[in-house]
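S.K.: Numbering-wise, the first sequence is residues 3 to 278 according to our numbering. Here it is: the structure, laid out below.
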Amino acid sequence: MPELPEVETIRRTLEPCLIGQVVERVEVLRPKHLGNVSPADLARRLTGRRIEGVGRRGKYLLIHLEGGEVLVFHLRMTGRLIFYPEGASVTPYTRLVLGLTSPAELHLHDVRSFAVLWLTTEDKVAALPGLAALGPEPLEPSFTPQGLKAALAGRRSSIKSLLLNQQTVAGLGNIYADEALFRAGINPLRPGNSLTPEEVNGLWRAIREVLAEAISSGGTSFRDYVDGRGRPGAFQTRLSVYGRKGEPCRRCGTSLVGARLGGRSTVYCPRCQPLS
DNA sequence: ACAATTACCTGTATGC
DNA sequence: TGCATACAGGTAATTG
Numbered sequence: 003m004p005e006l007p008e009v010e011t012i013r014r015t016l017e018p019c020l021i022g023q024v025v026e027r028v029e030v031l032r033p034k035h036l037g038n039v040s041p042a043d044l045a046r047r048l049t050g051r052r053i054e055g056v057g058r059r060g061k062y063l064l065i066h067l068e069g070g071e072v073l074v075f076h077l078r079m080t081g082r083l084i085f086y087p088e089g090a091s092v093t094p095y096t097r098l099v100l101g102l103t104s105p106a107e108l109h110l111h112d113v114r115s116f117a118v119l120w121l122t123t124e125d126k127v128a129a130l131p132g133l134a135a136l137g138p139e140p141l142e143p144s145f146t147p148q149g150l151k152a153a154l155a156g157r158r159s160s161i162k163s164l165l166l167n168q169q170t171v172a173g174l175g176n177i178y179a180d181e182a183l184f185r186a187g188i189n190p191l192r193p194g195n196s197l198t199p200e201e202v203n204g205l206w207r208a209i210r211e212v213l214a215e216a217i218s219s220g221g222t223s224f225r226d227y228v229d230g231r232g233r234p235g236a237f238q239t240r241l242s243v244y245g246r247k248g249e250p251c252r253r254c255g256t257s258l259v260g261a262r263l264g265g266r267s268t269v270y271c272p273r274c275q276p277l278s
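Have a look at this one:
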């Protein structure tokens, strides 16, 4: 599941490959992935354009092209964006092919077909649905302990659910929400408004630390994720709680507990993250 | 305004 | 061996 560290790793691996490439061909194999544009308009607006840069906002990947066009991707859970310098044959799950300066190609691959892409322009990117209501970037100065306190004030939902809400902070998903809460020693079931100022400070720091470390490791390859060159990340060996239900806590040895919060699997240590 | 639930998808793992 | 079922989860839409 590409969360912020995975999308950032894809961005970093794709950018040097894509800058300077010219889109020569657009092949839409499954139109339902197009969020706001028809296959014909996508091809018409992209063909002949040079790629100028690759950016990221939360879990959204942004490909900037000359003329102010911006191609925005959200990979949801199983989406992959892979650059093939010599091209590649399509698979049953290839959804989009951008033919670049021959013979290079960029493929969108997605088993479950949840991924969505939009074509917009520089002046309208921030207004895209999804991007418009996004909270602060956790690794930038706009994310502050005070801002996090304000976002949690008066919220009775579980802190885990609030961290998954992209309006609280952009880019956390199920993996890093659980990991940040473990590092901060906060039980995921605690209501958001029950955290003390000191706990919010610790959570703010834990979010930034775990995301930065995961980026350094090239992301977490638990199931489907690979980077922009098709290579897996390495952070899965350093996960404290995610996917470790029933296994011993790396800090105290207590058996990790699983729960379901807002329909999502949640794992925590009942001793390091007590409820009261 | 906020909170909780469901739809969208399909490969993989599990149980009988 | 074959079949049915649960599960993975980000976001938007729906319901309370």
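By construction, the Cβ of each residue, glycine as well, lies at the ideal position given by its N, Cα and C atoms. Just so we're clear, the structure is a prediction, and the values are computed from it rather than from any experiment.
1. Measure how close the beta-carbons of Phe145 and Val127 come, nearest whole angstrom, since I'm counting them as under 8 Å.
2. Please work out which residues of its chain come closer than 7 Å, Cβ to Cβ, to Ser223, disregarding the five sequence neighbours upstream and downstream, and give them in chain order.
3. Near Pro199, what residues of its chain come up, given a Cβ to Cβ distance below 7 Å and the 5 sequence neighbours on each side ignored?
4. Going by beta-carbon coordinates alone, are Leu154 and Asn189 separated by less than 9 Å?
5. Tell me the residue span of the alpha helix (DSSP H) that contains Ile65.
6. How about Thr93 and Asp229: do their beta carbons lie closer than 9 Å?
7. Since Asp180 and Val269 are thought to touch, with beta carbons under 8 Å apart, how far apart are those beta carbons, to the nearest angstrom?
8. Smallest Cα separation from Pro18: which of Val24, His76 and Gly55?
9. Name the residue from Ser219, Leu183, Leu141 and Arg246 whose alpha carbon lies nearest to the alpha carbon of Leu205.
10. Counting pairs of beta carbons, one from the region 240-259 and one from the region 27-39, are three or more of them closer than 8 Å?
11. By Cβ distance below 7 Å, which residues in the same chain neighbour Leu164 in space, the five residues on each side in sequence not counted?
12. In the DSSP output, what is Glu107 paired with across the bridge?
13. Please name the residue or residues paired with His76 in a DSSP beta bridge.
14. Please work out which residues of its chain come closer than 6 Å, Cβ to Cβ, to Gly101, disregarding the five sequence neighbours upstream and downstream, and give them in chain order.
15. Using the rule of at least 16 other Cβ atoms within 10 Å of the residue's Cβ for burial, across every protein chain shown, is Arg58 buried or exposed?
16. Distance check for Thr15 and Cys271, CA to CA, integer angstroms please.
17. Among the candidates Leu77, Gly70 and Ile53, whose CA atom is the shortest distance from the CA of Gly60?
18. Using a Cβ-Cβ cutoff of less than 8 Å, which residues in the same chain neighbour Leu197 once the five nearest sequence positions on both sides are dropped?
19. May I ask you to report which of helix, strand or coil DSSP gives Ser40?
20. Could you tell me which uninterrupted beta strand (DSSP E) segments, each at least 3 residues in length, are contained entirely in the region 114-198, listed from first to last along the chain?
21. Note down, in chain order, each residue of its chain lying with its Cβ closer than 7 Å to the Cβ of Glu5, except the 5 sequence neighbours on either side.
22. Applying the 10 Å Cβ sphere with the 16-neighbour rule, what's the burial state of Thr122?
M.R.: On the basis of the data shown:
1. In fact, because the Cβ distance is near 20 Å, the residues do not count as touching under 8 Å.
2. Pro234, Gly235 and Gln238
3. Lys151
4. no
5. Note, Ile65: premise wrong, no alpha helix (DSSP H); beta strand (DSSP E) at Tyr62 to Leu67.
6. no
7. 6 Å
8. Gly55
9. Leu183
10. no
11. Leu154, Arg157, Thr170 and Gly194
12. Tyr86 and Gly101
13. Tyr62 and Val118
14. Glu26, Arg27 and Glu107
15. buried
16. 35 Å
17. Leu77
18. Leu154, Ile161, Ile188 and Leu205
19. coil
20. 118-123
21. Lys61, Gly173, Leu174, Gly175, Ile177 and Tyr178
22. buried
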